[in-house]
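Chemist: Here it is, the structure, as structure tokens.
There are 4 protein chains.
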Amino acid sequence: MAGKLEQQKQEKKQNLLTAALELFMENGVAKTSIDQIAGRAQVAKGTFYLYFHDKEDLLQELIYRISCHVLDEAYRAVDSRRTDDFIENVILFADAIIEYFKRNRLQLRLIERNFSWPLVTRQMSARTDAIWQALIRDLQASPLARTHTGDEMFKLIFVIVEMCGSVCYSSIIEEKPDTIDNMKPVLYGIIRRALG
Amino acid sequence: MAGKLEQQKQEKKQNLLTAALELFMENGVAKTSIDQIAGRAQVAKGTFYLYFHDKEDLLQELIYRISCHVLDEAYRAVDSRRTDDFIENVILFADAIIEYFKRNRLQLRLIERNFSWPLVTRQMSARTDAIWQALIRDLQASPLARTHTGDEMFKLIFVIVEMCGSVCYSSIIEEKPDTIDNMKPVLYGIIRRALG
Amino acid sequence: MAGKLEQQKQEKKQNLLTAALELFMENGVAKTSIDQIAGRAQVAKGTFYLYFHDKEDLLQELIYRISCHVLDEAYRAVDSRRTDDFIENVILFADAIIEYFKRNRLQLRLIERNFSWPLVTRQMSARTDAIWQALIRDLQASPLARTHTGDEMFKLIFVIVEMCGSVCYSSIIEEKPDTIDNMKPVLYGIIRRALG
Amino acid sequence: MAGKLEQQKQEKKQNLLTAALELFMENGVAKTSIDQIAGRAQVAKGTFYLYFHDKEDLLQELIYRISCHVLDEAYRAVDSRRTDDFIENVILFADAIIEYFKRNRLQLRLIERNFSWPLVTRQMSARTDAIWQALIRDLQASPLARTHTGDEMFKLIFVIVEMCGSVCYSSIIEEKPDTIDNMKPVLYGIIRRALG
DNA sequence: TATGAATGAGTATTCATTCAT
DNA sequence: GATGAATGAATACTCATTCAT
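Line by line, the protein sequences are chains A, B, C and D. Here my numbering is used: the first residue of the first sequence is 1, the next is one more, and so on. Here my numbering is used: the first residue of the second sequence is 197, the next is one more, and so on. Here my numbering is used: the first residue of the third sequence is 393, the next is one more, and so on. Here my numbering is used: the first residue of the fourth sequence is 589, the next is one more, and so on.
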């Protein structure tokens, strides 16, 4: 059967990604060698190059996958607790992302400032595309749509996401200027005023 | 004379910093070797280790110096055009920083998300300290002081600076989601509402 | 039908040879991988090993085929313009070879100093054998036969062919010490004196 | 003393060249790794790159040095047995080169067809330059000078050297079409006629 | 026969760091 | 202090060859 081989290949690629993620989080990207990644994935070194062009290529794929995963989880969190208040939904969304990174500090350290890119830079996969469509629908149904064009709304959301990501990084990774829990009120205050 | 020797040493250190800055901006930090830095600074490789522990050490010093320089320039820009409106002064400050990085894209690329740290992380030099004192005084004299504690104000400002830095990076370096000039209205809109 | 299968195999082998020749001439032997050869020949990498033992094996076959082709063409050129003067016929032969390599510099570069081998080293195929027989007949009918043994004549011709091949390489590939056209008078002068 | 360090460096370079020559002759260029060269020269691998850009760079230097050495030796051989007959002197020269390569087959295998280049391609060192000057003087004093221009004489000699080198390679390395001793009469016969 | 995924030994090259001068 | 030759561990990447399908 043709599908079986393809499945084995996907499995091997997944093994490499998983091994790399673990090692990147344990020792950092720079201090992880292809040797180690292949070793932990239980494949030969040459096999790595069958699936990725180089370490950077793998890292990009990893960041993309994590970002999609975070967005997916965040959007489902909003869906399950959705209110009638648009702004509160946005804050729920931001909070879900923040909570994810609180639970997964090492992933945040890995991603650094590269989160949020998948929304803009990459071809969207079926999965991200679905989330994105839903977000757009929500935005257009919101009170914001009465006073802002689509482009304006997009930029506004973009800046808010950047702000959250940036503060996440500082406060979760470095606890600067304070813990993320102590930064949340400030952050959500700004979001409320910005969208209100 | 002892002073002359000291002066020569400072000059050598400065040469190394300048050489490194040039090379980092030309080729990136990772692709710059200590060989190259020493070469361009016209000193022997061993001499490098007389002044810095390693490349990272030098990079931190560089980031610190650039950050101080940006803040200094921004604060002086505000001073020369200062209005009675606190919020507009904050925006003048942000704008001065943004304009600096517009003129010095490569420095922004080098600093990445590390800007703003000197305010918080480092021992303050006489110079930064003075700016910082002035900023605190301005903040305490502002209308904000009536509704916020010092700590709250600090966090608020911190988040705003992070937001500006982050958007600077995206829009100046990657033009995402738009040019920085097109992002300014969104950014300043958020600042006005956040502080208003 | 067995013949059809055999034909398909020969076609595949020919495809591999053609692909390899192109790649060898484009990038050089060392910088051509079996991957690339198989790729251009539109067969799987493993298939390569069904037809050749390794890259060197294929290269030898290629050199042999080219050499035969050159000799064949040169001999036919002499035949069509044959004179009564033996020495002039030899020069016609040399000239035909030189002109071939002028038109096919890249083949010359590939063959390097390996031309002329097929005359001596390899089992002769029906084709080369025929040419060789004709050459021998010509030699024995020549005035040279009166003063030289067969062995002496053979060595004489061998040295002349080596000389031509060597000068071809220098002058066509490197234009040293001059272009091949400017070297011809010297070369043919030596041949005339050597045989005269 | 400054000269001592320089001397040590030259010694190290010489060690690398010697080690490489040995290994190239034992196992061939392709099958010799930088590792091995450095190992046999008793230096660290990195040291290799202090003296040569890569293996090819070293090989060129080796070929150049060997060529100079052969020419030097051949010219001195002629000097010590010089006759009044120009042609016989040329043959003495050729014979000295041939005898050198008979004694040093492996060097011939290494140099392949690259011998004679130093005369034409490279900046001449003081040493080669001296030989070259002497050769030119001899040529101009020869009877050949009465019937040939300098350029013609140069090309004639060039072709003869190429011929000798090429036949050396075939007969010494591969004994084709016969041993070099059996080829000599043919070779010298051609030289006599070509110059006579 | 044909395939192409997998292998892993092999190699070139870089570069931070040391230390004798 | 200053030098720069020497080091050698570290690492990325290639590619001929095999073999299960």
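Positions of the beta carbon are idealized from the N, C-alpha and C atoms, including for glycine. Everything numeric in this text was worked out from a predicted model, so none of it was measured.
For the alpha helix (DSSP H) that A/THR147 lies in, which residues bound it at each end?
Modeler: From DSSP, the alpha helix (DSSP H) with A/THR147 extends over 144 to 147.
Chemist: Run down chain C in chain order and give the residues with a C-beta less than 7 Å from the C-beta of D/ARG781.
Modeler: The contacting residues are ARG585 and ALA586.
Chemist: When the Cα atoms are used, what is the spatial distance from B/SER279 to B/LEU246?
Modeler: Per the sequence presented here, residue 279 of chain B reads as Thr, with Ser not at that position. Near 48 Å, if we compare the C-alpha coordinates of B/LEU246 and B/THR279.
Chemist: Compare the Cα-Cα distances from A/LEU106 to each of A/GLU99, A/LYS45, A/ASP54 and A/GLU26 and report the closest residue.
Modeler: The shortest Cα separation from A/LEU106 among A/GLU99, A/LYS45, A/ASP54 and A/GLU26 belongs to A/GLU26.
Chemist: Buried or exposed: which applies to C/LEU586, given that a residue is buried once 16 or more other Cβ atoms fall within 10 Å of its Cβ?
Modeler: The residue asked about is misnamed: residue 586 of chain C is Ala in this sequence, not Leu. Result: buried.
Chemist: Using the Cβ count rule (16 or more neighbours within 10 Å means buried), how would you classify D/ASP683?
Modeler: D/ASP683 comes out buried.
Chemist: Contact check, D/LEU605 vs D/GLU649 under 8 Å by CB: the rounded distance?
Modeler: Yes, they are in contact, since the Cβ atoms of D/LEU605 and D/GLU649 sit about 7 Å apart, within 8 Å.
Chemist: Spatial neighbours of D/GLU763 within its chain, please: CB distance less than 8 Å, with the 5 preceding and 5 following residues excluded, ordered by chain position.
Modeler: So the list is empty, once near-sequence residues are dropped.
Chemist: Does the CB of B/ASP374 have a neighbour CB from chain A at under 8 Å?
Modeler: Output row for B/ASP374: interface = yes.
Chemist: Note the first and the last residue of the continuous alpha helix (DSSP H) segment covering B/ARG278.
Modeler: Counting along the chain, B/ARG278 falls outside any alpha helix (DSSP H), and DSSP gives it neither H nor E.
Chemist: Helix, strand or coil, according to DSSP, for B/LYS209 in the structure here?
Modeler: Of the three classes helix, strand and coil, the one that applies to B/LYS209 here is helix, per DSSP.
Chemist: Which residues in chain D sit within 8 Å of C/SER558, going by Cβ to Cβ distance?
Modeler: Simply ARG701, GLU750, MET751, GLY753 and SER754.
Chemist: Between which two residues does the alpha helix (DSSP H) containing C/VAL559 stretch?
Modeler: From DSSP, the alpha helix (DSSP H) with C/VAL559 extends over 542 to 560.
Chemist: Say whether chain B places a C-beta atom closer than 8 Å to the C-beta of A/ALA62.
Modeler: Correcting the residue type first, residue 62 of chain A is Leu in the shown sequence and not Ala. Chain B, which has no Cβ nearer than 8 Å to the Cβ of A/LEU62, makes this no.
Chemist: Looking at the structure shown, is C/ASN496 part of a helix, part of a strand, or coil, going by DSSP?
Modeler: Note: C/ASN496 maps to coil in three-state DSSP.
Chemist: With hydrogens ignored, establish whether the beta-carbon of D/GLY753 is closer than 7 Å to any heavy atom of the ligand PLP.
Modeler: This structure lacks the ligand PLP; in fact it carries no ligand of any kind.
Chemist: So B/SER276 contacts chain A; which residues on that side make the cut at Cβ distance below 9 Å?
Modeler: The contacting residues do not exist; B/SER276 stays about 28 Å from chain A at best.
Chemist: DSSP three-state label for C/GLU567, please.
Modeler: If DSSP states are grouped into helix, strand and coil, C/GLU567 belongs with coil.
Chemist: Since B/ILE294 meets chain A, which of its residues come closer than 8 Å, beta carbon to beta carbon?
Modeler: Result: empty, since nearest Cβ-Cβ is about 13 Å, beyond 8 Å.
Chemist: Check the Cβ of C/LYS377 against every Cβ in chain D and list those closer than 7 Å, keeping chain order.
Modeler: With chain C running from 393 to 588 in the structure shown, residue 377 of chain C is simply not present.
Chemist: Note down, in chain order, every chain D residue with its Cβ under 7 Å from the Cβ of C/PHE550.
Modeler: In chain order: PRO765.
Chemist: When DSSP labels each residue in this structure, what does D/ALA632 get in the three-state scheme?
Modeler: Correct three-state label for D/ALA632: coil.
Chemist: Use the C-beta contact count for A/GLY165: other C-beta atoms within 10 angstroms, 16 or more gives buried, fewer gives exposed.
Modeler: Result: buried.
Chemist: Does any C-beta atom of chain C lie closer than 8 Å to the C-beta of D/TYR637?
Modeler: Not closer than 8 Å to any Cβ of chain C, the Cβ of D/TYR637 fails to qualify, so no.
Chemist: If you follow the alpha helix (DSSP H) that C/ASP573 is part of, which residue opens it and which one closes it?
Modeler: Where C/ASP573 is concerned, the enclosing alpha helix (DSSP H) stretches over 572 to 587.
Chemist: Once the 5 residues before and after B/ALA273 are set aside, which same chain residues still bring their CB inside 6 Å of it?
Modeler: Same-chain partners within the cutoff: ALA292.
Chemist: For B/ILE262, collect the residues of the same chain with a Cβ closer than 7 Å to its Cβ; drop the 5 residues on either side in sequence, then sort them by chain order.
Modeler: Contacts found: GLN303 and ILE307.
Chemist: Within the chosen definition, does the segment 153 to 167 of chain A reach the segment 374 to 386 of chain B through at least 3 CB pairs nearer than 8 Å?
Modeler: The segment 153 to 167 of chain A is in contact with the segment 374 to 386 of chain B.
Chemist: Considering only the alpha carbon of each residue, which of A/LEU187, A/GLN7, A/HIS148 and A/TYR188 lies closest to B/VAL382?
Modeler: That would be A/HIS148, whose Cα lies nearest to the Cα of B/VAL382.
Chemist: Compute the beta-carbon to beta-carbon distance between A/ASP35 and A/LYS45, rounded to the nearest angstrom, for a pair I have assumed lies under 8 Å.
Modeler: Contact flag correct, Cβ pair sits at about 6 Å.
Chemist: Thinking C-alpha only, which one of D/GLY777, D/ILE761, D/ALA733 and D/PRO731 is nearest C/MET545?
Modeler: Measuring from the Cα of C/MET545, the nearest candidate turns out to be D/GLY777.
Chemist: Relative to the alpha-carbon of D/TRP820, which residue among D/MET751, D/ILE675, D/LEU659 and D/SER758 has its alpha-carbon at the smallest distance?
Modeler: Lying outside 589 to 784, the shown extent of chain D, residue 820 of chain D is not represented and no answer is given.
Chemist: Is the beta carbon of A/ALA38 closer than 8 Å to that of A/PHE48?
Modeler: Yes, Cβ-Cβ distance for A/PHE48 and A/ALA38 is below 8 Å.
Chemist: Please report the straight-line C-alpha distance between D/VAL617 and D/ARG697, rounded to a whole angstrom.
Modeler: Each residue's Cα considered, the two are about 10 Å apart.
Chemist: Can you give me the Cβ contacts of B/PHE248 inside the same chain, cut-off strictly under 6 Å, excluding the 5 residues immediately before and after it?
Modeler: Only LEU254 meet the Cβ criterion.
Chemist: Round the Cβ separation of B/ILE368 and B/PHE297 to the nearest angstrom and send it over; I've been treating them as touching at under 8 Å.
Modeler: Yes, they are in contact, since the Cβ atoms of B/ILE368 and B/PHE297 sit about 6 Å apart, within 8 Å.
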